[in-house]
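Protein chains in written order, with the numbering used here: chain A, 1 to 253; chain B, 254 to 506. C-beta: ideal position from N, C-alpha, C; glycine also. So the structure is just underneath, and the comments pick up after that.
Protein chains: 2
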Amino acid sequence: MSQTVDRALSILPLLAEGPADLGQVAERLGVHKSTALRLLRTLHEHGMVYRQSDQRYRLGARLIALAQEAMENLDIREIAHPHLVRLNEQCGHTVHLAVYEEDEVLYIDKVESRYPVRMYSRIGKPVAITVAAVAKLLLADLPEAERHALADKLEYPLYTARSTPNAPAFLKELERVSEQGWATDLGGHEESINCVAAPVRGADGRVVAAMSVSAPNVVVTAEELLALLPQVRRTADAISGEYSGRTPAKDPV
Amino acid sequence: MSQTVDRALSILPLLAEGPADLGQVAERLGVHKSTALRLLRTLHEHGMVYRQSDQRYRLGARLIALAQEAMENLDIREIAHPHLVRLNEQCGHTVHLAVYEEDEVLYIDKVESRYPVRMYSRIGKPVAITVAAVAKLLLADLPEAERHALADKLEYPLYTARSTPNAPAFLKELERVSEQGWATDLGGHEESINCVAAPVRGADGRVVAAMSVSAPNVVVTAEELLALLPQVRRTADAISGEYSGRTPAKDPV
DNA sequence: AGGTGCGTTGCAGTATGTGCAACGTCCATT
DNA sequence: AATGGACGTTGCACATACTGCAACGCACCT
Numbered sequence: 001m002s003q004t005v006d007r008a009l010s011i012l013p014l015l016a017e018g019p020a021d022l023g024q025v026a027e028r029l030g031v032h033k034s035t036a037l038r039l040l041r042t043l044h045e046h047g048m049v050y051r052q053s054d055q056r057y058r059l060g061a062r063l064i065a066l067a068q069e070a071m072e073n074l075d076i077r078e079i080a081h082p083h084l085v086r087l088n089e090q091c092g093h094t095v096h097l098a099v100y101e102e103d104e105v106l107y108i109d110k111v112e113s114r115y116p117v118r119m120y121s122r123i124g125k126p127v128a129i130t131v132a133a134v135a136k137l138l139l140a141d142l143p144e145a146e147r148h149a150l151a152d153k154l155e156y157p158l159y160t161a162r163s164t165p166n167a168p169a170f171l172k173e174l175e176r177v178s179e180q181g182w183a184t185d186l187g188g189h190e191e192s193i194n195c196v197a198a199p200v201r202g203a204d205g206r207v208v209a210a211m212s213v214s215a216p217n218v219v220v221t222a223e224e225l226l227a228l229l230p231q232v233r234r235t236a237d238a239i240s241g242e243y244s245g246r247t248p249a250k251d252p253v
Numbered sequence: 254m255s256q257t258v259d260r261a262l263s264i265l266p267l268l269a270e271g272p273a274d275l276g277q278v279a280e281r282l283g284v285h286k287s288t289a290l291r292l293l294r295t296l297h298e299h300g301m302v303y304r305q306s307d308q309r310y311r312l313g314a315r316l317i318a319l320a321q322e323a324m325e326n327l328d329i330r331e332i333a334h335p336h337l338v339r340l341n342e343q344c345g346h347t348v349h350l351a352v353y354e355e356d357e358v359l360y361i362d363k364v365e366s367r368y369p370v371r372m373y374s375r376i377g378k379p380v381a382i383t384v385a386a387v388a389k390l391l392l393a394d395l396p397e398a399e400r401h402a403l404a405d406k407l408e409y410p411l412y413t414a415r416s417t418p419n420a421p422a423f424l425k426e427l428e429r430v431s432e433q434g435w436a437t438d439l440g441g442h443e444e445s446i447n448c449v450a451a452p453v454r455g456a457d458g459r460v461v462a463a464m465s466v467s468a469p470n471v472v473v474t475a476e477e478l479l480a481l482l483p484q485v486r487r488t489a490d491a492i493s494g495e496y497s498g499r500t501p502a503k504d505p506v
């Protein structure tokens, strides 16, 4: 809606790919160098971009700090965390918490496995939306129209032979997940990694978050991991209960 | 430099304090509601803000994802990580990596303690700049003019009785740190937590990052922690060596 | 019904952002 | 050393695109 702001914000994902100089930014924005310069300067004043010693721009520290605050403001994370830790203490595997927001699913908390083999994933990282167990739960709860629209819009990268191949398969899987109330990802993202996930629901029954336990084949088989399902569901339900009991977070006066 | 972008970006830290509705945003920006609406819409299109069910705005998922990418692009983090993990395996305590950027010091990596007592800190979180051991190392290396200007600009919150009280004390401490080549924080931030830190240097000898080992009094005494100094310095030097040896990261074609 | 608070829309005026062209600087090349 | 090119930077005139206003719609409350 606002051209100037629109252009300025378009610079950020561009820089996320890697550092770029003024000319590159101007070219990719399709504007004159002087225009790009002024936008970058404004972004710089706010600490959103940083000018490194070779004069090129990259994303700045304030951006990272802001994102940090954004996550700390999510009350679901705060409530869930101790539960995730407890589950990790019981089973030893990696535990994730994820939320859905406008076409993206992202991890907002993680407790590392106590086994030597660690998974590659990070808080704040967008999830492989078409295969991850937590993503299935979050999307399965969307209103039908939105769910279909999103499924059509998505791409279906074939990470492995068991990745969800296309929209119809995905929608079918979502329905199955919706009925059974839990989800799995058996090697759909990385060949040797399996996950079991359960939904966290708000007072109105809508899914507000999803949590999962993940472990590589070399540690436990898929069957052994599935045996943890009751524990995972109990944990998710406990979080749901605590979350529903509270009044939604208000501003601190 | 660009008024519109400037205003739009000013919304973000404002929302970082907590969700806000249109009226509040407009008021705090000092602009008309319709103006604020257009800015918020533009931010929304880019996923930087999210409109929750009660119509209020809060920071959005794309912001978090961007920050994530920003950190993954920091080559120093990538190089340092395995070293941090190794140090953690040796000593068991929490290990941090931090960088300085335009008046802020922030953690860019962390390996959790293997003792049951965990520290409160998070990747991406700005560091208590006047007391943290890593901050001392990073600031001690700034050009004198910049260092003095910054020291004057800072605030000196008294977290504990041992917090750095004011600019002169801070500058004196920085000189000491600069000479000895390492730094400590002995209960300056939280009464019972101590840290030992060492600098990571680039090929030109400038400090590009700093790493620290932290542990609460209940686990080890300050003296015991200080005994780890040689190990910490060795680790930091190893990272420095590897970082200097490499050509600075270029765009992947 | 009537009133209040909030988000939203269309519009006219002009402040504000835009592209241009020229300049300075640094680096590579001859 | 001298020349050329690439890149960031500046000042300026133009008109686009942003602003604030006022009116509207809507939901909620009394």
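Taking the straight line between their C-alpha atoms, what separation do you get for H334/B and A480/B? Using only the alpha carbons, I get a separation of about 22 Å.
Label G30/A either buried or exposed according to how many other C-beta atoms from any shown protein chain fall within 10 Å of its C-beta, with 16 as the threshold for buried. With fewer than 16 other Cβ atoms from the protein chains shown falling within 10 Å of its own Cβ, G30/A counts as exposed.
Can you list the residues of chain A that Y496/B reaches, using a CB-CB cut of under 9 Å? Those do not exist, as Y496/B stays about 14 Å from chain A at its closest Cβ, beyond 9 Å.
Have a look at P248/A and Q68/A and give me their C-alpha separation to the nearest angstrom. Residue placement at P248/A is poorly supported in this model, since its pLDDT is 44, which falls under 50; the coordinates still yield a value, given next. Their backbone Cα atoms lie some 20 Å apart in a straight line.
Unbroken beta strand (DSSP E) run spanning D185/A, endpoints: Here the beta strand (DSSP E) through D185/A covers A183 to L186.
Just to confirm, is the Cβ distance from A140/A to V127/A under 8 Å? Not a contact, by the Cβ cut-off of 8 Å.
Give, in chain order, every unbroken run of the alpha helix (DSSP H) that is at least 4 residues long and sits entirely within the segment 290 to 372 of chain B. Taking 4 residues as the shortest admissible run, the segment 290 to 372 of chain B contains the following complete alpha helix (DSSP H) segments, listed from N- to C-terminal end: 314 to 325 and 328 to 344.
Hey, would you say A215/A sits closer than 8 Å to H93/A, going by beta carbons? Yes, these two residues count as a Cβ contact at 8 Å.
CB contact check: D6/A to chain B, cutoff 8 Å: Yes, D6/A lies at the interface with chain B (some Cβ there is under 8 Å from its Cβ).
Amino acids of chain A, ordered along the chain, whose beta-carbon sits closer than 8 Å to that of K378/B: Neighbours of K378/B on chain A, chain order: A65 and Q68.
Among A198/A, V208/A and E223/A, the one whose alpha carbon lies nearest that of R234/A: Of the candidates A198/A, V208/A and E223/A, the one whose C-alpha sits nearest the C-alpha of R234/A is A198/A.
Where does L380/B sit, in a helix, a strand or coil, going by DSSP? According to the sequence shown, residue 380/B is Val rather than Leu. In this structure, V380/B counts as coil in the three-state DSSP scheme.
My assumption, with CB atoms under 8 Å, is that A386/B sits in contact with S445/B. Please give the rounded CB distance. Contact doesn't hold; Cβ gap of about 15 Å is too wide.
Using the beta-carbon count (16 or more within 10 Å), is S2/A buried or exposed? So S2/A ends up on the buried side.
Identified DSSP bridge partners for I193/A: When DSSP reads this structure, I193/A sits in a beta bridge with P216/A.
Within 8 Å (strictly less), CB to CB, does T247/A reach chain B? Summary for T247/A: the model assigns pLDDT 42, below 50, so the residue's position carries little reliability; its value from the coordinates is reported in the next sentence. Any Cβ of chain B closer than 8 Å to the Cβ of T247/A would place that residue at the interface, and such an atom is absent.
Residues of chain B with CB closer than 8 Å to the CB of S178/A, please, in chain order. Against chain B, a Cβ distance below 8 Å from S178/A picks out nothing, because the smallest value is about 21 Å.
Can you find at least 3 beta carbon pairs, one from the segment 89 to 107 of chain A and one from the segment 157 to 172 of chain A, that sit closer than 8 Å? Too few Cβ pairs lie closer than 8 Å, so no.
Chain-order list of residues whose beta-carbon lies under 7 Å from that of R281/B (same chain, five-residue window excluded): When the five nearest sequence neighbours on each side are left out, the beta carbons in the same chain lying within less than 7 Å of the beta carbon of R281/B are those of L267, in order along the chain.
The segment 142 to 166 of chain A: positions lying closer than 8 Å to chain B by Cβ: From the segment 142 to 166 of chain A, no residue has a Cβ closer than 8 Å to chain B.
Would you call the segment 57 to 73 of chain A and the segment 38 to 49 of chain A touching, i.e. three or more CB-CB distances under 8 Å? Yes, since at least three Cβ pairs between the segment 57 to 73 of chain A and the segment 38 to 49 of chain A fall closer than 8 Å, the two stretches touch.
Is G313/B close to chain A? Criterion is C-beta to C-beta, closer than 8 Å. Yes, because at least one Cβ of chain A sits closer than 8 Å to the Cβ of G313/B.
Under 8 Å between the Cβ atoms of N167/A and D185/A? Checking the sequence, you will find Ala at residue 167/A rather than Asn. In this structure, D185/A does not lie closer than 8 Å to A167/A by Cβ.
Return helix, strand or coil for P13/A, following the three-state DSSP convention. Three-state DSSP puts P13/A in a helix.
Output the boundary residues of the alpha helix (DSSP H) element that contains A135/A. Where A135/A is concerned, the enclosing alpha helix (DSSP H) stretches over A133 to A140.
Please name the residue, chosen from V25/A, A70/A, R38/A and R41/A, that lies closest to P272/B on a Cα-to-Cα basis. It is A70/A.
Option nearest L319/B by Cα separation, candidates H32/A, G124/A, E112/A and R77/A: Comparing Cα-Cα distances from L319/B to each of H32/A, G124/A, E112/A and R77/A, the minimum goes to G124/A.
Per DSSP, what are the beta-bridge partners of R454/B in this structure? Note: R454/B sits in a beta bridge opposite V460/B.
For S214/A, would you say it is in contact with chain B, using Cβ-to-Cβ distances shorter than 8 Å as the test? S214/A has a beta carbon lying at 8 Å or more from every beta carbon in chain B.
Based on the DSSP secondary-structure assignment, which residues constitute the bridge partners of A273/B? According to DSSP, A273/B bridges with Y310/B.
Taking just the CA atoms, how far does D356/B sit from A491/B? Straight-line measurement puts the Cα of D356/B at about 27 Å from the Cα of A491/B.
Quick one: Cα of H349/B to Cα of L171/A, how far? About 43 Å.
Using a C-beta to C-beta distance shorter than 9 Å, which residues of chain B count as neighbours of L84/A? Correct list: empty, because the minimum Cβ distance to chain B is about 13 Å.
Once you ignore the five residues that flank N194/A on each side, which residues in its own chain have a CB closer than 6 Å to its CB? Cβ neighbours of N194/A beyond the five flanking positions: L186, A222 and L225.
Is there at least one Cβ from chain A nearer than 8 Å to G458/B's Cβ? Not closer than 8 Å to any Cβ of chain A, the Cβ of G458/B fails to qualify, so no.
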